[in-house]
Amino acid sequence: MLLPGVHLPLHIFEPRYRQLTVDLVTGTVPSQEFGVIAIKAALVREIESVDHLHAVGCTAQLREAKRLPDGRFDVVTTGRRRFRLLEVDTTSAPYLVGTVEWLPDEPLPAGSTDVADRLSTVARAAHQRYCDSAWESDDWHVPPPDTPAQDLAYLLAADCLLPLADRQRLLEETQPLRRLRMLCRLLTREAGFLSTLRAVPAPMSEFADLTGPSTLN
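To get the working numbering, take the position in the sequence shown, counting from 1, and add 3.
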């Protein structure tokens with residue numbers, strides 16, 4: 004899955020997604036965006052209806068595309084905007100085509116600037132504690148100090164090995180302050196788990212690699 008503002012490198016090798024990449028590069032697909040949405044059950048082989056997918060996803064905007072000699076692609080994308088999936092079309096293109104409605108954030112309540120600033124500080128501290136436990140060096144990304152509260156939870160979550168269900172909850176939450184509170188709870192919980200796992204004689208970096216490209220296939 005993908006969160007808004009988060010970078011996602013992909014290695015494209017399956018024919019239907021090669022065609023999607025060509026359509027993105029040539030402008031056949033508007034805005035050079037495509038939808039990324041999580042499957043509800045890992046055992047589903049072919050998506051036939053919206054029932055197989057979570058209700059909310061995020062568009063990925065193409066930033067870079069490198070075509071390899073054998074026709075595969077290495078691409079870099081960035082999460083842009085959330086959507087709610089209404090329908091899935093399995094026949095009009097080699098890849099799935101969805102009908103969606105955009106899912107913007109609720110506006111921040113009037114007079115909530117101080118609350119947003121305090122929550123942002125707490126969330127950054129929780130992220131620091133998590134990363135200190137999870138990674139062996141300072142190789143995680145810290146969002147700039149002027150990152151808006153609306154975007155901060157997504158960018159802080161990008162470096163964290165949160166379960167899919169938790170990441171989906173963050174994506175679906177449309178109230179920015181509730182989203183920051185949710186992230187603080189999740190990171191505090193995960194940091195506790197990681198402290199316990201420190202008893203395992205292996206570096207935490209061996210449990211996952213967030214730096215390599217994923218595949219869209």
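Ideal placement from N, C-alpha and C gives every residue a C-beta, glycine not left out.
What residue does the beta strand (DSSP E) around residue i start on, and which one ends it?
i    : result
E176 : Looking at the DSSP string, E176 is not in any beta strand (DSSP E), and its letter there is neither H nor E.
V79  : F76 to D92
H130 : Premise fails: H130 lies in the alpha helix (DSSP H), T116 to A137, not in any beta strand (DSSP E).
L13  : H10 to I15
E109 : Neither: E109 is in no beta strand (DSSP E) and is coded neither H nor E.
E104 : V100 to W105
Reducing DSSP to helix, strand and coil, say where residue i ends up.
i    : result
V28  : helix
E187 : The sequence shown places Cys at residue 187, rather than the Glu named in the question. Three-state DSSP puts C187 in a helix.
H55  : helix
F37  : strand
A68  : strand
T150 : coil
A156 : helix
A194 : helix
A168 : helix
R21  : helix
Starting from the C-beta of residue i, find all residues in its chain whose C-beta is less than 8 angstroms away, skip the five residues before and the five after it, and write them out in chain order.
i   : result
I42 : I50, H55, L56 and H57
A44 : H55
P18 : P97
Does the separation of the CB atoms of residue i and residue j fall below 8 angstroms?
i    : j    : result
T80  : R66  : yes
L11  : L174 : no
V59  : R85  : yes
D89  : V78  : This sequence places Leu at residue 89; Asp is not what is there. The answer is no: Cβ separation not under 8 angstroms.
V32  : G82  : no
L190 : A129 : yes
A126 : L197 : no
Take residue i and list the residues in its own chain whose beta-carbon comes closer than 6 angstroms to its own, dropping the five residues that flank it on each side.
i    : result
G38  : G60, T62 and G101
A194 : R132, Y133 and S136
V28  : A68
L123 : Note that residue 123 is Ser in the sequence shown, not Leu. Excluding positions up to five away in sequence, the list reads A152 and L155.
Residue i: beta carbon under 7 angstroms from a heavy atom of the ligand GTP?
i    : result
D162 : No copy of the ligand GTP appears in this structure; indeed no ligand is present at all.
Check: Counting pairs of beta carbons, one from the region 179–191 and one from the region 111–125, are three or more of them closer than 8 angstroms?
Finding: These segments touch.
Margin query: With three or more C-beta pairs closer than 8 angstroms as the rule, is the region 135–146 touching the region 157–165?
Written below: yes
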